[in-house]
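Those letters in the sequence shown? Residues 1 to 389, by our numbering. Note sheet for the following structure.
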Amino acid sequence: MKFSEFMHLDFDCPEVLLNPATTRVPVRGGESLDVRSKGNSMTKRVFTLLGPIAVLSSFATADQVNYNCTLNSAASSLVQSTDLAAPFAGTFIGNYDATTTPTGTKTLPGFFGGSVNTAISYSASFALAGDISSHPTGTLVFGTDLAIFQASIGGLNFDMLGAVPGTLGATVNINYQSFHTLQPTAIYPGGVTIPVPVGSGSVTTLRATQTGAPVPALLVQQKNGSFTFTTAVPVEFTTIATLLGQTIADGTPQPGILPLSGTLTIGANNTIALAIAIASQSVSTQPITAPPFVDLPLAIPTVIPAGSTANVLMSGTLTSVTVGSGINATLVAAGQRQPITGDLNGDFHVNSQDLAILLDAWGGTGPADFDGNGIVNSRDLSVILSYWQ
1 MKFSEFMHLD
11 FDCPEVLLNP
21 ATTRVPVRGG
31 ESLDVRSKGN
41 SMTKRVFTLL
51 GPIAVLSSFA
61 TADQVNYNCT
71 LNSAASSLVQ
81 STDLAAPFAG
91 TFIGNYDATT
101 TPTGTKTLPG
111 FFGGSVNTAI
121 SYSASFALAG
131 DISSHPTGTL
141 VFGTDLAIFQ
151 ASIGGLNFDM
161 LGAVPGTLGA
171 TVNINYQSFH
181 TLQPTAIYPG
191 GVTIPVPVGS
201 GSVTTLRATQ
211 TGAPVPALLV
221 QQKNGSFTFT
231 TAVPVEFTTI
241 ATLLGQTIAD
251 GTPQPGILPL
261 SGTLTIGANN
271 TIALAIAIAS
281 QSVSTQPITA
291 PPFVDLPLAI
301 PTVIPAGSTA
311 NVLMSGTLTS
321 VTVGSGINAT
331 LVAAGQRQPI
341 TGDLNGDFHV
351 NSQDLAILLD
361 AWGGTGPADF
371 DGNGIVNSRD
381 LSVILSYWQ
């Protein structure tokens, strides 16, 4: 049945909330629909649109088709390179204690003399560096308008680590004033930076979340029927990292750009397949508000003579962290076409077939109750008309 034919039909429907006798149902573009009651029989007649049916059809939904896409984690891979530096300053002192560690190290200022364990001032930087390999997870909405060879990407939300923390080698690069030690006996000339391996740190969160509206991309058709595209997605990177029990990246979102290039393949049954490549470099600095750390054990290799280790307790305050991150990824995603509002039979059109389903459900409940108020009525009819194709 054509929509214009429906407009001149009578149909019986259960009692609905249509008072007074004439209810005007809004449709797209400022038009309205009269739905009138014929006495107590509640026979409804939809008899006129204010404006020709052609006006209504001109407000059909846009030609873009949207697909909800999910990464295939097992088939996707990512290598994330991290170069993280967190400067700090404070003092360290030998771990000597007359009662608990009488054979521990004493630190003393200068090159010679003294016997009292004394705190030594220093400046230093935690360094966390290396590569983390992962299988990312995440979602995005990929829109296509093949008539004009345009695509869009929106709602991108990628967990770059796939919920599996990565481990990186950690080093403290320490610079201090001149001092010497007892147990072992050694001299540490000032102005020398010593790299001290301190085990490992971990990156527990690395996430990219799109900000703003969907971004466009040009589709270039290939001989095999697929399409290539390139775009840049504004995102916020969220990184959480710890080192020696201290949080050195606290998850404060940092703005960035995620460049994407890929291939779109249109599949059967309203599906698509995406192959996406990412090559990204970013650097960000953020302040740290963590409390000072106290008496952190640290083993410092001796300088003169070399070959031994002095054991000290380090205290200090982290002030900021600079994170350099490189991402190289190959991602595979599958997409399913989004449902269309008003489409009750799942054919991705809103037409007389959906209208018939709504009328059959009039006064009841079910999928045709678009506004969720518990009854199929004129408000739901308005939805059908608004999305008519």
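Glycine is no exception: its CB is placed at the ideal position from the N, C-alpha and C atoms.
CA-to-CA distance, residue j to residue i, given in whole angstroms
i	j	result
Tyr122	Gly90	6 Å
Val65	Leu381	23 Å
Pro109	Ala98	20 Å
Glu236	Asn311	41 Å
Gly374	Ile266	38 Å
Ile300	Ala85	19 Å
Leu128	Gln80	13 Å
Ile340	Val350	8 Å
Asn270	Asn72	18 Å
Ala232	Ala75	23 Å
Thr319	Ser284	14 Å
Gly372	Asn157	29 Å
Val27	Leu385	Legend: pLDDT at Val27 = 44, less than 50; position of this residue unreliable, no value from coordinates given.
Pro214	Gly143	9 Å
Pro292	Phe88	10 Å
Ala290	Gln246	8 Å
Ile93	Thr100	15 Å
Trp388	Pro165	49 Å
Glu102	Leu296	Before going further, note that residue 102 is Pro rather than Glu in the sequence given. When rounded, the distance between both Cα atoms is 19 Å.
Ala60	Gly342	Its pLDDT being 29, under 50, Ala60 is placed unreliably in this model, and the value from its coordinates should be taken loosely. Spanning the two alpha carbons is a distance of roughly 12 Å.
Asp369	Ser352	17 Å
Val141	Leu359	33 Å
Val172	Thr193	10 Å
Gln333	Ile276	A quick correction: the sequence has Ala, not Gln, at residue 333. Using only the alpha carbons, I get a separation of about 8 Å.
Asp250	Leu78	22 Å
Leu206	Thr230	23 Å
Phe149	Gln222	12 Å
Ala163	Gly138	11 Å
Ser282	Ser261	18 Å
Asp63	Ala147	8 Å
Gly39	Leu344	With a pLDDT of 37 at Gly39, under the threshold of 50, the modelled position of this residue cannot be trusted; read the value that follows with caution. Straight-line Cα distance between these residues: approximately 30 Å.
Arg379	Gly346	21 Å
Per-residue DSSP class, three states only, for residue i
i	result
Ala241	strand
Asp380	helix
Ala163	coil
Leu298	strand
Gln281	strand
Gly316	strand
Asp371	coil
Pro219	The amino acid at residue 219 is misidentified as Pro; the sequence shows Leu. Coil at Leu219, not helix or strand.
Gln286	strand
Asp360	helix
Leu108	strand
According to DSSP, residues forming a beta bridge with residue i
i	result
Ile132	Gln80
Gly256	Val235
Arg337	Tyr67
Ser308	Answer is none; Ser308 lacks a bridge partner.
Gly90	Tyr122 and Gly316
Phe158	Gly138 and Ala208
Val332	Ala275
Gly143	Asn66 and Ser152
Tyr188	Phe179
Pro195	Asn173
Ser261	Thr230 and Ala277
Phe293	Gly316
Ile327	Gln80 and Ser280
Test: residue i CB closer than 9 Å to a CB of chain D
i	result
Gly166	Of the protein chains in this structure there is only one, and it is not chain D.
Cβ pair residue i, residue j closer than 9 Å
i	j	result
Pro216	Ser152	yes
Leu161	Pro136	yes
Val323	Ala241	yes
Ile278	Leu258	yes
Ile120	Gln183	no
Asn377	Gly366	no
Thr239	Ser325	yes
Leu168	Val220	no
Leu274	Leu218	no
Nearest to residue i (by Cα), restricted to the options the options
i	options	result
Ile248	Ser134, Thr309, Thr107 and Val321	Val321
Ser115	Ser125, Ala124 and Gly104	Gly104
Arg337	Leu298, Gly190, Asp354 and Asp145	Asp145
Thr185	Gln353, Val383 and Ile304	Ile304
Met314	Ile174, Leu78 and Asp63	Ile174
Gln254	Ser202, Val332, Leu331 and Gln210	Gln210
Gly256	Ala163, Ile327, Cys69 and Phe179	Ile327
Leu243	His180, Ile132 and Val198	Val198
Thr118	Asn95, Thr228, Gly130 and Val383	Asn95
Phe227	Leu264, Phe111, Gly201 and Ser282	Leu264
Asp131	Asp159, Gly201 and Gly335	Gly201
Lys106	Phe179, Ile288 and Pro287	Phe179
Gly113	Thr181, Asn224 and Phe348	Thr181
Proximity test, residue i beta-carbon vs the ligand FMN heavy atom, cut-off 8 Å
i	result
Gly191	Annotation note on the ligand FMN: not contained in the displayed structure, which lists no ligands.
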